[in-house]
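Residue numbers (the UniProt record's numbering): 1 to 322.
Some notes on the structure that comes next.
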C-alpha cells in the first residue's frame with residue numbers, strides 16, 4: 001500500500017532503485033480494484049506501507065484463546081455457544097475420548113488416571129490408619145500404670161480438664177536492673193502484706209520502684225519504710241536491739257535520725273559489701289546509692305524482721321483465724 005494524496009492505494013513493487021547507501025527508492029505499479037496495473041511510478045521508501053492481511057495465524061491465536069477454555073479439543077465458552085447457537089455436545093469422532101461433567105468437557109483418559117490415583121491414596125490412607133491404630137494399642141499396652149503420689153508436673157491432662165490460657169511472657173519493663181526485680185517484689189509484697197503491723201499506708205509497686213530509683217536522700221516513702229522495719233527490730237529482743245542499747249542513741253527512730261539506726265544495722269549484720277556504703281549514708285547521701293545496694297539492704301532488713309517474735313505471732317494469729 002502507498003500513501004497517495006492522503007489516501008491509501010494498492011500497489012506492487014516492480015523494482016528496487018538504490019541511490020547510494022542512504023536512500024532507497026522503488027518502482028511501483030498502481031493497481032485497481034481488480035488488481036490490474038493502471039500506471040507506474042517511482043516512490044520513496046517512507047511512502048510505502050505494508051498492510052497486514054485481515055486473517056492470519058498471529059491474529060487467530062489470541063481470538064481462539066479468548067473464546068475457548070481448553071485447547072484439545074477446543075471448547076467454546078457457554079455465553080458464545082448460546083449467542084451463536086452452537087451445539088455443546090461433543091462430536092461423534094470424539095465419543096469415548098471426552099465427556100461432560102458439571103457442564104465442563106473433560107478428558108476421559110485423565111479421569112481414569114485420576115480415579116486410579118485417588119483409589120491408591122485411599123488404600124494408602126487405610127493401611128496407614130491401621131498401622132497407627134496398631135501402634136497406639138501397642139503403646140498403651142507398654143505404658144506402665146502410674147504409682148501415686150507423683151510430682152505435680154508429671155500429672156497428665158485428662159479430657160475433663162479446663163482449657164487454660166497461654167502463660168503470659170514475664171514483664172521486663174522495670175526501672176531497676178533485672179537482677180534486682182526479685183528483691184523489689186519481695187520487699188514490696190512484705191510491706192503490703194504487713195502494712196498494719198508496720199503502721200505503713202499501702203503503696204503501689206510503681207511508686208516504690210520510683211522511690212528506690214530517686215536520687216534524693218529524704219524521699220518520704222523510703223524514709224517511712226526503713227523507719228518502720230527498724231522499729232520492729234528495735235522492739236524485739238535480739239542481737240540488733242542489744243547492740244543499739246549499748247550505743248548512745250535516741251530512744252525513738254525519727255525522720256531525722258533513721259540513717260544512724262540504719263548504719264548500726266549494716267555494721268551488726270555485716271553481710272556482703274554493704275559496710276562500704278556506711279560512710280555515704282552517714283554523710284546524708286543515701287539517695288546516691290545504687291538501686292541494687294538499696295534493695296539489698298531492704299532485703300536483709302525484711303529477712304531480719306521475719307525472724308522476730310512480733311511477726312511470727314502475727315502470722316500465726318492470721319492462720320488460726322482464717
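Here a beta-carbon is modelled for each residue, glycine too, at the ideal position from N, C-alpha and C.
- Can you tell me whether DSSP reads residue 64 as helix, strand or coil? Note: residue 64 maps to helix in three-state DSSP.
Are the CB atoms of residue 175 and residue 288 nearer to each other than 9 Å? In this structure, residue 288 does not lie closer than 9 Å to residue 175 by Cβ.
Span of the alpha helix (DSSP H), counted from its first residue to its last, around residue 39: In the DSSP assignment, residue 39 falls outside any alpha helix (DSSP H) and within the unbroken beta strand (DSSP E) covering 37-44.
Between the Cα of residue 292 and the Cα atoms of 59, 177 and 41, which residue gives the shortest distance?
If we check each option's Cα against that of residue 292, 177 comes out closest.
Query - Start and end residues, alpha helix (DSSP H) containing residue 76 - result: No alpha helix (DSSP H) holds residue 76; DSSP gives it neither H nor E.
_Short of 6 Å in beta carbon distance, which residues of its chain neighbour residue 39, apart from the five on each side in sequence? Order them along the chain._
Beyond the five residues adjoining it in sequence on each side, residue 39 comes within less than 6 Å, by CB distance, of 30 in the same chain, given in chain order.
**Item:** Residue nearest to residue 305 in terms of C-alpha spacing, selected from 271, 230 and 279
**Value:** Closest by C-alpha distance to residue 305, out of 271, 230 and 279, is 230.
Next on the checklist: With a threshold of 6 Å on Cβ separation, who are the neighbours of residue 113 within its own chain once the five nearest residues in sequence on each side are excluded?
Outcome noted: Residue placement at residue 113 cannot be trusted, given a pLDDT of 49 that sits under 50; the coordinates are not used to answer.
Discussion item. Suppose the cutoff is 8 Å on Cβ atoms and the five residues either side in sequence are ignored; what does the same chain contact list for residue 284 look like?
Written reply: The answer, listed in chain order, is 217 and 259.
**Study point:** Rounded separation between residue 84 and residue 48 - CA only
**Key:** When rounded, the distance between both Cα atoms is 40 Å.
Inset, instruction - Measure the beta-carbon distance from residue 310 to residue 236 and round it to whole angstroms, keeping in mind my assumption that it falls under 8 Å. - result: Right, the Cβ-Cβ distance comes to about 6 Å (below 8 Å), so this counts as a contact.
*Check whether residue 37 and residue 26 have beta carbons under 9 Å apart*: Contact check for residue 37 against residue 26 fails: the beta carbons are separated by 9 Å or more.
Secondary structure of residue 17, DSSP reduced to three states: Assigned with DSSP and collapsed to three states, residue 17 falls in strand.
Same chain, Cβ closer than 8 Å to residue 86, neighbours up to 5 away in sequence not counted: Hits under 8 Å: 76 and 80.
- Drop a sphere of 10 angstroms on the beta-carbon of residue 227, count the other beta-carbons inside from all chains shown, and report buried for 16 or more, exposed for fewer. It is buried - the Cβ of residue 227 has at least 16 other Cβ atoms within 10 Å.
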